[in-house]
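**Q** There's a structure below that I have some questions on.
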Amino acid sequence: MQRRRVWPGFSAATLLLTAATSACERSTGAPIVSPGQDHSNSYTWTPDPEIQPGDTYYVLDVVQQGSTTYETTTPVIDPVTDVPTTVWTVEHETETQRVESGYDALGRTIQVLLETTPVQDPVMRAVNISRRTRSVEDVITSYGYQGELLTDFQPYQSARSGPQPSYSQITDGVVLDAEALDTMAVLSAQSPTLANSAGPRARARRVDPDRIEVLNELSPDVFGPATASAAARMGSRGTYVRTWRRHGRAYLLERTELTSEWEAQNGVRKTERQVEHIRMVKLHQNARRDAERRARRVSETGSGGFTLASLGDQPGDNCVVGQDCPPDDPPPPPSNDCQPVPGGAHILHQHGINSDRHAFLQSGAWLCTVAWERIQETTIDWRRRITSQRDELRDSIRPGMHDIILIGHSNGGLVTRSLAQWAQVNQPGLVRGVITLDSPNQGAIVAKNLAVANRLLGPGAAALGLGLRLMDEHPFYVDDVPNSAFLQSLNSFSENFVNVGIRTQTPKRWVAWRILATGECLPRTPCELAVVKRTQKRYDDMRHTAKVWYRPWHSIPAGIEQRAMNAFDRTWNALTAPDDIPGDGFIHTPGQYYPGARRNRLIENGDSHTGTTKSEHVFDALTDALHDQQLFGLQGNR
40 MQRRRVWPGF SAATLLLTAA TSACERSTGA PIVSPGQDHS NSYTWTPDPE
90 IQPGDTYYVL DVVQQGSTTY ETTTPVIDPV TDVPTTVWTV EHETETQRVE
140 SGYDALGRTI QVLLETTPVQ DPVMRAVNIS RRTRSVEDVI TSYGYQGELL
190 TDFQPYQSAR SGPQPSYSQI TDGVVLDAEA LDTMAVLSAQ SPTLANSAGP
240 RARARRVDPD RIEVLNELSP DVFGPATASA AARMGSRGTY VRTWRRHGRA
290 YLLERTELTS EWEAQNGVRK TERQVEHIRM VKLHQNARRD AERRARRVSE
340 TGSGGFTLAS LGDQPGDNCV VGQDCPPDDP PPPPSNDCQP VPGGAHILHQ
390 HGINSDRHAF LQSGAWLCTV AWERIQETTI DWRRRITSQR DELRDSIRPG
440 MHDIILIGHS NGGLVTRSLA QWAQVNQPGL VRGVITLDSP NQGAIVAKNL
490 AVANRLLGPG AAALGLGLRL MDEHPFYVDD VPNSAFLQSL NSFSENFVNV
540 GIRTQTPKRW VAWRILATGE CLPRTPCELA VVKRTQKRYD DMRHTAKVWY
590 RPWHSIPAGI EQRAMNAFDR TWNALTAPDD IPGDGFIHTP GQYYPGARRN
640 RLIENGDSHT GTTKSEHVFD ALTDALHDQQ LFGLQGNR
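Just remember that our numbering sits 39 ahead of the position in the sequence shown, which is counted from 1.
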């Protein structure tokens, strides 16, 4: 779990760096356990059963510390001392992790990362849910606090690929050959012994007879074109220094220090410093068995690895060929063999914002258990004020429809309620009742935030010629703001038709991805769960890479992506349902409450807002309301 590793809020203090605790002497044929403090706290470590005795493997503790130094062109008040200053330093929260790495019986690399820092911050605990990750090759599996598996899908292979075969990565950068290094007259980072782990722009030197040091000069182009822009935002320049100390016939990684400097922005310059102290707890190498496994692995697999099928976001992407790829073609949607029943119900579905009638394409299959004569889905201009949408919907009703049951999703629920209220006064008998699905019956926090942004940014944007007129171009937001004049009028009306509100609340973790990807989902499939699992896999992979691979050209881009995913997640939740307020990813759950309704049904742990019209949870709640004799009392179709 990456908790406050580089940029979160900290308490101001001076950075205190401690020396590495202790190390071990290496010998041939048996594991060596070093003395010293155990950093595992109250967690129990169990070696991975697939790491075979007699093969190369190691167990190490990593203690991470860091600080951020701020320099300003104008004095500011230090938050602790209340004294004006232009330079101050804040300390990062210390983290501890334990890493075990080795080979399985097939010669594949296994790495296990155990978080051993107690999680005190409830916000960070909710964001970073894993306490243990396990990788075989580049496939990441996550485990929770109690050791439970966090996904029941087969793990997805990551898109990251290192420059070296997996069978060399468990020692690359951690254990170096002392005999080869000590025979070099001039220590060179380009030598075969160091080249694999030294990285770009590296310089090597001997600090003392028992220590060597490799320094990398870092700049955005080191991270490659794909992440150069993100790396440029992180730091314009920096250095990465690693120190190895000799123990017996090997040099073991002892300390890493990463320093990056930010370009001055708004008069503030930042320098990030992160130090990792590595304590080797156990190390065992068996050169003969290692060589045998490498040879057998290459002969059995050819290339020595798996083939990645695809790297996109569609269902079936990021799978390992021959292991967990679904069929090429998605399964067909459920067939609808329901037939109209003379004298049955007249049902009209209404979509919400940024949608059309196709949102309810599976409505006939949903209502196979209901006797219906007509089902209609209508597309209207969702950008207009709610009363204008209501009038457009009323004019689109087919001749002969009566006693209509209106089912509205999101803003469509407000449109249907407004139409039902109008019909109650002006055309009795047109509408029998209303069912709202995840509708902002009492307003939406996101609409309020957009209104605030429009007030704050609108004049400035207009002055710059950007033409930001959000509320003018999408005036329905005005009606969606809590306590708006429209909502006060809508909720104060005494409705005598049947009225039902169906609300959904969704787990907040990765809800933005659920919202954005639901359009790809087929009706009545567990698509959103696949989106969440795929997103969590990607996040775990980046978190794993940022911590375990002691190479900044791997870990920095991975850390950037991990922090960006967390930031986007938190920002989306803050805009739609801040703090502990539940929601469906777009409308907070209290705002969905239908005041005065005969029934308000809450679906806990349901699908997201955009998945509502495809959700089996909503299907069950909807058909229950239609069958209920106290509500609509519709007879079955079969």
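Cβ atoms here follow ideal geometry from the backbone N, Cα and C, with glycine treated the same way. Computed from a prediction, not measured in an experiment: that's the story for all the values here.
(1) Mind checking whether serine 627 and alanine 616 have CB atoms under 7 Å apart?
(2) Going by other Cβ atoms of all chains shown within 10 Å of its Cβ, with 16 needed for buried, is alanine 520 buried or exposed?
(3) What are the boundary residues of the beta strand (DSSP E) that includes tyrosine 516?
(4) Below 8 Å on the Cβ atoms is my guess for glycine 679 versus asparagine 480; work out the distance and round it to an integer in Å.
(5) Along the chain, where does the alpha helix (DSSP H) that runs through aspartate 434 open and close?
(6) By DSSP, does isoleucine 386 sit in helix, in strand, or in coil?
(7) Could you work out which residue in Thr135, Phe399, Val175, Gln104 is closest to threonine 649 when comparing CA atoms only?
(8) Within the continuous alpha helix (DSSP H) that includes glutamine 460, where are the two ends?
(9) From what residue to what residue does the alpha helix (DSSP H) around asparagine 530 run?
(10) Determine the contact status of leucine 297 and valine 213, defining contact as a CB-CB distance below 7 Å.
(11) Judging by CA-CA distance, which residue of Asn538, Asn488, Gln527, Gly451 is the nearest neighbour of valine 470?
(12) Note down the Cα distance separating alanine 603 from aspartate 579, rounded to an integer number of angstroms.
(13) Determine the DSSP secondary structure at glycine 650, reduced to helix, strand or coil.
(14) Whole-angstrom Cβ separation of serine 106 and glutamate 134, contact assumed at under 8 Å?
(15) Identify the continuous alpha helix (DSSP H) that holds threonine 610 and give its terminal residues.
(16) Could you have a look at glutamate 567 and say whether DSSP puts it in helix, strand or coil?
(17) Hey, could you find the ends of the alpha helix (DSSP H) isoleucine 554 is sitting in?
(18) Using the Cβ count rule (16 or more neighbours within 10 Å means buried), how would you classify alanine 660?
(19) Using DSSP bridges, identify the partner residues of serine 299.
(20) Quick check on DSSP: helix, strand or coil for histidine 286?
(21) What's the C-alpha gap between alanine 551 and glutamine 229?
(22) If you follow the alpha helix (DSSP H) that threonine 232 is part of, which residue opens it and which one closes it?
(23) How do the segment 235-244 and the segment 564-574 stand: do at least 3 beta-carbon pairs fall below 8 Å, yes or no?
(24) Expressed to the nearest angstrom, what Euclidean distance is found between the alpha-carbon atoms of arginine 422 and serine 435?
(25) Should isoleucine 116 be labelled buried (16 or more other beta-carbon atoms within 10 Å of its own) or exposed?
(26) Please report the residue range of the alpha helix (DSSP H) in which aspartate 663 lies.
**A** So, from the listed chains and residues:
(1) For the purposes of this step, residue 627 is identified with residue 588 of the sequence shown, where counting begins at 1. For the purposes of this step, residue 616 is identified with residue 577 of the sequence shown, where counting begins at 1. For the record, residue 627 in the displayed sequence is histidine; it is not serine. Taking 7 Å as the Cβ cut-off, histidine 627 and alanine 616 qualify as a contacting pair.
(2) Along the sequence shown, read from residue 1 onward, the residue named residue 520 stands at position 481. As written in the sequence, residue 520 is valine, which differs from the alanine given in the question. Classification of valine 520: buried, given that the 10 Å Cβ count is 16 or more.
(3) The residue labelled residue 516 in the question sits at position 477 within the sequence shown. Annotation: tyrosine 516 is outside any beta strand (DSSP E); the continuous alpha helix (DSSP H) that includes it extends over 515-519.
(4) Any answer about residue 679 is impossible in this case: the structure gives the chain only from 40 up to 677.
(5) Position 395 of the sequence shown, counted from the first residue, corresponds to residue 434. Looking at the DSSP string, the run of the alpha helix (DSSP H) that includes aspartate 434 is 425-435.
(6) Taking the first residue of the sequence shown as 1, we reach residue 386 at position 347. Looking at isoleucine 386 - three-state DSSP - the assignment turns out to be strand.
(7) Translated into the one-based positions of the sequence shown, residue 649 becomes position 610. Of the listed residues, the one whose Cα sits closest to threonine 649 is Phe399.
(8) Taking the first residue of the sequence shown as 1, we reach residue 460 at position 421. Its alpha helix (DSSP H) spans residues 450-465.
(9) To locate residue 530, count along the sequence shown from 1; it is residue 491. In the DSSP assignment, asparagine 530 falls within the alpha helix (DSSP H) that extends over 524-531.
(10) The residue given as residue 297 occupies position 258 in the sequence shown. The residue given as residue 213 occupies position 174 in the sequence shown. Not closer than 7 Å, so no.
(11) Taking the sequence shown and counting its residues from 1, the one referred to as residue 470 is at position 431. Looking only at Asn538, Asn488, Gln527, Gly451, the smallest Cα-Cα distance to valine 470 is reached by Asn538.
(12) Numbered from its first residue, the sequence shown carries residue 603 at position 564. Numbered from its first residue, the sequence shown carries residue 579 at position 540. Each residue's alpha carbon lies about 13 Å from the other.
(13) Within the sequence shown, residue 650 is the residue found at index 611, counting from 1. Residue state, collapsed to three classes: helix.
(14) For the purposes of this step, residue 106 is taken as the residue at position 67 of the sequence shown. For the purposes of this step, residue 134 is taken as the residue at position 95 of the sequence shown. Incorrect: roughly 14 Å between the Cβ atoms, too far for contact.
(15) Within the sequence shown, residue 610 is the residue found at index 571, counting from 1. 591-615 is the extent of the alpha helix (DSSP H) around threonine 610.
(16) Along the sequence shown, one-based indexing puts residue 567 at 528. In this structure, glutamate 567 counts as helix in the three-state DSSP scheme.
(17) For the purposes of this step, residue 554 is taken as residue 515 along the sequence shown, with counting starting at 1. First-last of the alpha helix (DSSP H) with isoleucine 554: 550-556.
(18) Position 621 of the sequence shown, counted from the start, is the residue given in the question as residue 660. So alanine 660 counts as buried.
(19) Within the sequence shown, numbered from 1, the residue matching residue 299 stands at position 260. BP columns for serine 299 point to Gly277, Glu311.
(20) Position 247 of the sequence shown holds residue 286. Strand.
(21) The residue labelled residue 551 in the question sits at position 512 within the sequence shown. The residue labelled residue 229 in the question sits at position 190 within the sequence shown. Here the C-alpha atom of alanine 551 lies approximately 45 Å from the C-alpha atom of glutamine 229.
(22) Here residue 232 corresponds to residue number 193 of the sequence shown, with the count starting at 1. Its alpha helix (DSSP H) spans residues 231-237.
(23) no
(24) On the sequence shown, position 383 is the one that residue 422 refers to. On the sequence shown, position 396 is the one that residue 435 refers to. When rounded, the distance between both Cα atoms is 17 Å.
(25) Locating residue 116 in the sequence shown gives position 77, counting from the first residue. Exposed: under 16 other Cβ atoms inside 10 Å.
(26) On the sequence shown, position 624 is the one that residue 663 refers to. Where aspartate 663 is concerned, the enclosing alpha helix (DSSP H) stretches over 655-666.
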